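Reviewing the structure listed below.
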Amino acid sequence: MFSRAYRTAITVPPLLWVAVFLLVPYALLFCYSFWSVSPSQVIVHSWTLDNYRQLFKVNVYLQTLFRSMWIAARVTIFSLLLGYPLAYYLSFCTGKRKELLYQLVIIPLWVSYLVRAYAWKTILGSDGVLNTLLQYVHLTQHPLEFLLYSPFAVVLTLTHIYTPFAFLPIYSTLEHIPRNLVEASHDLGASPWQTFWRLIFPLSIPGVLAGATFAFVLSLGDFLSPLLLGGPSGIMISNIVVSLFGAAYNWPLGAAISFCMLALVLALLFLSESLEKKWSLR
Amino acid sequence: MSGRTTLNSSWLRWHAILVFGFLYLPIITLIVYSFNGSGVGGFPPRDLTLHWYRILLADDAIWSSVLNSLLVALAAMTVSLAFGIPAALALDRANFPGKALFRRLVLLPLILPGIITGLSLLMLFRQADVKLSLLTIILGHGTALISVATTEVFAGLQKLDRAQEEASLDLGANYLQTFWRITVPNLRLSIIGAALLIFTLSLDEIAVSFFLIGRDNTLPLEIWGRLRRGITPEINAISSIIFVFSLAAIATWYRLRQGAEGKPDLML
Chain A
16 MFSRAYRTAI
26 TVPPLLWVAV
36 FLLVPYALLF
46 CYSFWSVSPS
56 QVIVHSWTLD
66 NYRQLFKVNV
76 YLQTLFRSMW
86 IAARVTIFSL
96 LLGYPLAYYL
106 SFCTGKRKEL
116 LYQLVIIPLW
126 VSYLVRAYAW
136 KTILGSDGVL
146 NTLLQYVHLT
156 QHPLEFLLYS
166 PFAVVLTLTH
176 IYTPFAFLPI
186 YSTLEHIPRN
196 LVEASHDLGA
206 SPWQTFWRLI
216 FPLSIPGVLA
226 GATFAFVLSL
236 GDFLSPLLLG
246 GPSGIMISNI
256 VVSLFGAAYN
266 WPLGAAISFC
276 MLALVLALLF
286 LSESLEKKWS
296 LR
Chain B
-1 MSGRTTLNSS
9 WLRWHAILVF
19 GFLYLPIITL
29 IVYSFNGSGV
39 GGFPPRDLTL
49 HWYRILLADD
59 AIWSSVLNSL
69 LVALAAMTVS
79 LAFGIPAALA
89 LDRANFPGKA
99 LFRRLVLLPL
109 ILPGIITGLS
119 LLMLFRQADV
129 KLSLLTIILG
139 HGTALISVAT
149 TEVFAGLQKL
159 DRAQEEASLD
169 LGANYLQTFW
179 RITVPNLRLS
189 IIGAALLIFT
199 LSLDEIAVSF
209 FLIGRDNTLP
219 LEIWGRLRRG
229 ITPEINAISS
239 IIFVFSLAAI
249 ATWYRLRQGA
259 EGKPDLML
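As they're listed, the protein sequences go chains A and B. Residues 16 to 297 (our numbering) are what the first sequence spells out, left to right. Residues -1 to 266 (our numbering) are what the second sequence spells out, left to right.
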């Protein structure tokens, strides 16, 4: 029913826009990663693999990448541990209050990311809220220094930020489980734990995968929380990229690291998508 | 559902209470200490005062950054809708080479760490010799958030009855008239929802803006700059104000949606 002109009119403008502002920039990132910087700080447009060689030769890059992945992995696990039981509770045990509680999980998402990271900083600092509270009730005599400027602070803050992201897809898959299946399982004599492990959990795996991917990928690339709360031991891979694009002025090397990150993320997205498909078919 | 068929709910209830405590602790702390006379930190809070709000009111740099942020969000919203709505229509109604790639590409900025999109656009603007300014941030946000408009409107299109559009075309209306009088009104909830979401996401965006900023700051970047210098309850004050405004926005949107559909729906 739609004429050719109509279809052209709705297709071409978004296609062009996305090509210019997404496809070309991502391609440019790839190109930059093969260029270099001359001693006089000019970008040299000749092709070389030096950036990638350096990436694998200089320890600090790989170490920081692995540390970032470890931080992201912890954030993912904690977000799931907090988000999954919460989603289960809301979906199966709350009745009429469900909608309200759901909104309560969403609302923190509307508070600026930066502001929440900052709030943690005011809580965890050596004269912050937590330390002064602990001293006020005489649990400690001196401020606990490990709270702020540590990987712990980064993991805590990112877990806080990504728990709702882990919650949402899990909750949505749980809500789609037909309730008569659960009743049937009960009628056939299964205990609640058996029903959970054999019915509910397998059906919720696509949601878990989606939530885990979100939490892992987004925290892997984070650079603001580490800068704000991480201290020297909480530096992540994106912080290195930021400094290469700033003071260190080596865009090509920064581009190479970013491109590795991009490739890693795309591989993860692909993996999680194919796993999700596999589990949805069951 | 009866208690017998599901897991022990008292244990789960305590877990839920703890998680909510964890989610709200920073927000409550933030608001409480915006009234704290002796600065951020220290327990218990003392000398309750509006001092920090008064300082905030007189802080021109903050308010001009708020204005910049509103301008950017409004413009980014326009860009995203202008390209996101046709993109959704195209995904729904047209076949073209590279459709699968296009669908993925549009969604990418939402799932990629912001730093990658930010840097890539920075390189584009540098190659094209475009000076960084609020305009580059608008282009960045507008592009990154097309996905929001596309997914929301695409979901709306799946529920749309095409017969109305068909009838309109049969009765002699042209495509443009049909689009404005039939398609858009039918999609208005999806479009308003997308617009609100894009607006708030843009207001809060920092990773992409971080690389595309020129001389004028947006609010998150202004806050970021101050945080690097040290912390002041003024930041708590502006954040609390924004929080209250966001709550009002959610409540309004929720009412709107409930009124229109008769029943609540998932927001994201």
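Yeah, the Cβ is synthetic: ideal placement off N, Cα and C, and Gly gets one too. Bear in mind that the values here come from a model prediction, so they are computed numbers and not experimental data.
* Asked: Cβ of A:Leu214 within 8 Å of Cβ of A:Ala102?
  -> As a first step, residue 214 of chain A is located in the first sequence; it is residue number 199 there, counting from the start. As a first step, residue 102 of chain A is located in the first sequence; it is residue number 87 there, counting from the start. Not a contact, by the Cβ cut-off of 8 Å.
* Where A:Lys72 falls, given that 16 or more other Cβ within 10 Å makes a residue buried -> Locating residue 72 of chain A in the first sequence gives position 57, where the first residue counts as 1. Label assigned to A:Lys72: exposed.
* To do: Could you tell me how far apart the beta carbons of B:Ile211 and B:Val151 are, in whole angstroms, since I believe they sit closer than 8 Å?
  => For the purposes of this step, residue 211 of chain B is identified with residue 213 of the second sequence, where counting begins at 1. For the purposes of this step, residue 151 of chain B is identified with residue 153 of the second sequence, where counting begins at 1. The C-beta distance from B:Ile211 to B:Val151 rounds to 30 Å, too long to fall under 8 Å, and the pair is not in contact.
* Would you tell me roughly how many angstroms separate the C-alpha atoms of A:Ala20 and A:Val27, rounded to the nearest one? => As a first step, residue 20 of chain A is located in the first sequence; it is residue number 5 there, counting from the start. As a first step, residue 27 of chain A is located in the first sequence; it is residue number 12 there, counting from the start. So the alpha carbons of these two residues sit roughly 11 Å apart.
* **When B:Leu137, B:Pro111, B:Ile113 are compared against B:Phe123, the one with the closest alpha-carbon** => Here residue 123 of chain B refers to the residue found at position 125 of the second sequence. Cα-wise, what sits closest to B:Phe123 is B:Leu137.
* **Beta carbon proximity, B:His139 to chain A, threshold 8 Å** => Looking up residue 139 of chain B in the second sequence gives position 141. False, the Cβ-Cβ gap to chain A never drops below 8 Å.
* Give the straight-line distance between the Cα atoms of B:Leu187 and B:Asp159, rounded to the nearest whole angstrom. => As a first step, residue 187 of chain B must be located in the second sequence, where it is residue number 189. As a first step, residue 159 of chain B must be located in the second sequence, where it is residue number 161. Those two C-alpha atoms are separated by around 15 Å.
* **Euclidean distance between Cα positions of A:Phe180 and A:Gln69** => Taking the first sequence and counting its residues from 1, one reaches residue 180 of chain A at position 165. Taking the first sequence and counting its residues from 1, one reaches residue 69 of chain A at position 54. Cα to Cα, A:Phe180 sits roughly 35 Å from A:Gln69.
* Does the beta carbon of A:Leu80 sit closer than 8 Å to a beta carbon anywhere in chain B? -> Within the first sequence, residue 80 of chain A is the residue found at index 65, counting from 1. Chain B contact via Cβ: absent.
* Asked: Helix, strand or coil: how does DSSP classify B:Leu23 here?
  -> Against the second sequence, residue 23 of chain B aligns to sequence position 25. Looking at B:Leu23 - three-state DSSP - the assignment turns out to be helix.
* Asked: Just how far apart, CA to CA, sit B:Trp12 and A:Ile252?
  -> Translated into positions along the second sequence, residue 12 of chain B becomes position 14. Translated into positions along the first sequence, residue 252 of chain A becomes position 237. Distance between the alpha carbons of B:Trp12 and A:Ile252: 37 Å.
* **Chain-order list of residues whose beta-carbon lies under 6 Å from that of A:Ala15 (same chain, five-residue window excluded)** => Since the first residue of chain A shown is 16 and the last is 297, residue 15 of chain A is not available in this structure.
* Output, in chain order, the set of chain B residues within a Cβ distance shorter than 8 Å of A:Cys275. => The residue given as residue 275 of chain A occupies position 260 in the first sequence. Within chain B, no residue comes near A:Cys275; the closest Cβ sits about 11 Å away, beyond 8 Å.
* Pairwise C-alpha distance: A:Gly261 and A:Ser219 -> Here residue 219 of chain A refers to the residue found at position 204 of the first sequence. Here residue 261 of chain A refers to the residue found at position 246 of the first sequence. Distance between the alpha carbons of A:Ser219 and A:Gly261: 43 Å.
* Quick one: grab the DSSP three-state call for B:Val30. => Here residue 30 of chain B corresponds to residue number 32 of the second sequence, with the count starting at 1. If DSSP states are grouped into helix, strand and coil, B:Val30 belongs with the helices.
* Could you tell me which residues DSSP puts in a beta bridge with A:Ile58? => Within the first sequence, residue 58 of chain A is the residue found at index 43, counting from 1. Per DSSP, A:Val52.
* Euclidean distance between Cα positions of B:Gly37 and A:Ser127 -> Stepping through the second sequence from its first residue, residue 37 of chain B is reached at position 39. Stepping through the first sequence from its first residue, residue 127 of chain A is reached at position 112. So the two alpha carbons sit approximately 21 Å from each other.
* Compare the Cα-Cα distances from A:Tyr151 to each of B:Gln125, B:Ile26, B:Gly39 and report the closest residue. => Position 136 of the first sequence, counting from 1, holds the residue named residue 151 of chain A. The shortest Cα separation from A:Tyr151 among B:Gln125, B:Ile26, B:Gly39 belongs to B:Gly39.
* **Proximity of B:Leu54 and B:Ile236 at Cβ, strictly below 8 Å** => As a position in the second sequence, residue 54 of chain B is number 56, starting the count at 1. As a position in the second sequence, residue 236 of chain B is number 238, starting the count at 1. Yes. Within cutoff.
* In angstroms with no decimal places, state the Cα-to-Cα distance between A:Leu105 and A:Gly246. => Position 90 of the first sequence, counted from the start, is the residue given in the question as residue 105 of chain A. Position 231 of the first sequence, counted from the start, is the residue given in the question as residue 246 of chain A. Rounded to the nearest angstrom, the two C-alpha atoms are 37 Å apart.
* Give the residues of chain A in contact with B:Ile204, contact being defined as C-beta atoms less than 9 Å apart. => As a working mapping, residue 204 of chain B is identified with position 206 in the second sequence. Ser127, Tyr128, Leu129, Leu239, listed in chain order.
* Asked: Expressed to the nearest angstrom, what Euclidean distance is found between the alpha-carbon atoms of A:Trp305 and A:Phe231?
  -> Coverage of chain A is limited to positions 16 through 297, which leaves residue 305 of chain A absent and any answer about it impossible.
* To do: Grab the span of the alpha helix (DSSP H) containing B:Arg179 for me, first residue to last.
  => Locating residue 179 of chain B in the second sequence gives position 181, where the first residue counts as 1. Per DSSP, B:Arg179 belongs to no alpha helix (DSSP H) and is neither H nor E.
* Between B:Ala14, B:Ile29, B:Glu220, B:Ser200, which lies nearest to B:Gly112 when the distance is taken from Cα to Cα? -> Counted from its first residue, the second sequence places residue 112 of chain B at position 114. Taking only the C-alpha atoms, the option nearest B:Gly112 is B:Ser200.
* Can you find a CB in chain A that lies within less than 8 Å of the CB of B:Phe20? -> Position 22 of the second sequence, counting from 1, holds the residue named residue 20 of chain B. Judged by the 8 Å Cβ criterion, B:Phe20 is in contact with chain A.
* Going along the chain, which residues of its own chain have a beta-carbon closer than 7 Å to the beta-carbon of A:Thr172, five neighbours each way excluded? -> Numbered from its first residue, the first sequence carries residue 172 of chain A at position 157. Around A:Thr172: Ala132, Trp135, Ser240, Leu244.
* **Three-state class that DSSP yields for A:Leu163 in the structure shown** => In the first sequence, counting from the first residue as 1, residue 163 of chain A sits at position 148. It is coil, neither helix nor strand.
* **Ranges of the beta strand (DSSP E) found wholly within the region 75 to 133 of chain A, counting only runs of at least 3** => none
* If you draw a straight line from the alpha carbon of B:Gly154 to that of A:Ala42, how long is it in whole angstroms? -> Position 156 of the second sequence, counted from the start, is the residue given in the question as residue 154 of chain B. Position 27 of the first sequence, counted from the start, is the residue given in the question as residue 42 of chain A. Distance between the alpha carbons of B:Gly154 and A:Ala42: 32 Å.
* Local conformation of A:Leu214 per DSSP, three classes -> Locating residue 214 of chain A in the first sequence gives position 199, counting from the first residue. It is helical.
* Where B:Ser7 and B:Gln156 are concerned, what is the direct C-alpha to C-alpha distance, given to the nearest angstrom? -> Sequence index remark: in the second sequence, residue 7 of chain B carries index 9 (1-based). Sequence index remark: in the second sequence, residue 156 of chain B carries index 158 (1-based). The straight-line gap from Cα to Cα measures roughly 37 Å.
* To do: Say whether chain B places a C-beta atom closer than 8 Å to the C-beta of A:Pro207.
  => For the purposes of this step, residue 207 of chain A is taken as the residue at position 192 of the first sequence. Yes, A:Pro207 counts as interfacial toward chain B.
* Asked: Which term fits B:Ile15, buried or exposed, when burial requires 16 or more other beta carbons within 10 angstroms of its beta carbon?
  -> As a first step, residue 15 of chain B must be located in the second sequence, where it is residue number 17. B:Ile15 is exposed by the Cβ-count criterion.
* For A:Leu97, which residues of its own chain have a beta-carbon under 6 Å away from its beta-carbon, when the five flanking residues on both sides are left out? -> If you number the first sequence from 1, residue 97 of chain A lands on position 82. Closer than 6 Å at Cβ, skipping near neighbours: Thr178.
* Classify B:Leu46 as helix, strand or coil using the three-state DSSP reduction. => For this step, residue 46 of chain B is matched to residue 48 along the second sequence. Here B:Leu46 sits in strand by DSSP.
* **Any chain B beta carbon closer than 8 Å to A:Val170** => Taking the first residue of the first sequence as 1, we reach residue 170 of chain A at position 155. Closer than 8 Å: no.
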